[in-house]
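Trainee: Taking this note's numbering, I'd label the letters of the sequence shown as residues 89 to 297.
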Amino acid sequence: SDDLRAGLYSFDLVQKRAKRPVGAPDQKLARPVTKVGVVGAGLMASQMALLFAQRLQVPVVMTDLDQARVDKGLAYAHSEIDKMAAKGRVNGDKANRLKGLITGSVTKDAFADADFVIEAVFEDLAVKQQVFAQVEEVVREDCILATNTSSLSVTEMAAGLKHPERVVGFHFFNPVAVMPLLEIVRGEATDDAALATAFVVGKTLKKSC
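1. Give the straight-line distance between the Cα atoms of C297 and D181, rounded to the nearest whole angstrom.
2. Counting only C-beta atoms, is K187 closer than 8 Å to chain D at any point?
3. Excluding five sequence neighbours on each side, which residues of the same chain lie with their C-beta closer than 6 Å to the C-beta of A141?
4. Which partner residues does G176 have in the DSSP bridge list?
5. Hey, E276 and N236 are a contact pair by Cβ (cut 8 Å); roughly how many whole angstroms apart?
6. Determine the extent of the alpha helix (DSSP H) in which R143 is found, giving its start and end residues.
7. So the alpha helix (DSSP H) S98 belongs to, where does it begin and stop?
8. If you draw a straight line from the C-alpha of A234 to the C-alpha of G257, how long is it?
9. Helix or strand or just coil, what does DSSP make of G125?
10. Measuring only the C-alpha atoms, how far is Q217 from R105?
11. Counting pairs of beta carbons, one from the segment 251-268 and one from the segment 221-233, are three or more of them closer than 8 Å?
12. Below 8 Å, can you find three or more Cβ-Cβ pairs linking the segment 152-159 to the segment 125-134?
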């Protein structure tokens, strides 16, 4: 049927593109990522924090507006690690290591030594622009700023920043751990280093970028 043919075509296309993404710069341009920051500690942000810790094996810090939200995000990540341990997917030592990698803060100063910061806040352009402006004040000049937006313009989000070239779209699908697709979006100013870093990180997360 036409539906089956379309489905097979789509599947084949996604598989090919995942192996050789069109427009991806040389991965040698990618910067090393030794610490990740996540703006937000809601369900999506907590799932992302857990995946980054699991796959990249680097420290991950979540921030939110108050300690209660941060604690809730950490509790979710830790409970998911406990579930993995209960199913035998990780041993006790690895579970403790993973928990130790994920921390929380109510101040964005925690991102000062991060290499990659992703925001997962309310889907509102003004809110996201404000978040990136605040993050830019504390991070290094070579830190990549990623947005998990599903519909807003990455170009507009970066427009008011001192370094719009380091902003890249990095959109996960829910649930983060299960859905294989990761949408990487180049804004008008995004440079090759930021884009290459996004693709390498995505591949390390075992996603189809």
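Each residue gets a CB set at the ideal place from its N, CA and C atoms; glycine is no exception.
Mentor: In short:
1. As a working note, residue 297 is residue 209 in the sequence shown. As a working note, residue 181 is residue 93 in the sequence shown. Their backbone Cα atoms lie some 31 Å apart in a straight line.
2. Absence of chain D from the displayed structure is noted, only one protein chain being present.
3. Taking the first residue of the sequence shown as 1, we reach residue 141 at position 53. Closer than 6 Å at the Cβ level, and outside the excluded window around A141, lie V148, L186, L189 and I190.
4. As a first step, residue 176 must be located in the sequence shown, where it is residue number 88. Paired residue(s): none; G176 is not in a bridge.
5. The residue labelled residue 276 in the question sits at position 188 within the sequence shown. The residue labelled residue 236 in the question sits at position 148 within the sequence shown. Not confirmed; about 19 Å, so no contact.
6. Start at 1 with the first residue of the sequence shown, and residue 143 comes out as number 55. Run containing R143: L131 to L144, per the alpha helix (DSSP H) assignment.
7. Along the sequence shown, read from residue 1 onward, the residue named residue 98 stands at position 10. From DSSP, the alpha helix (DSSP H) with S98 extends over D90 to K107.
8. Position 146 of the sequence shown holds residue 234. Position 169 of the sequence shown holds residue 257. Whole-angstrom Cα-Cα distance: 6 Å.
9. Reading the sequence shown from its first residue, position 37 is the one you call residue 125. Strand at G125.
10. Locating residue 217 in the sequence shown gives position 129, where the first residue counts as 1. Locating residue 105 in the sequence shown gives position 17, where the first residue counts as 1. So the alpha carbons of these two residues sit roughly 31 Å apart.
11. yes
12. yes
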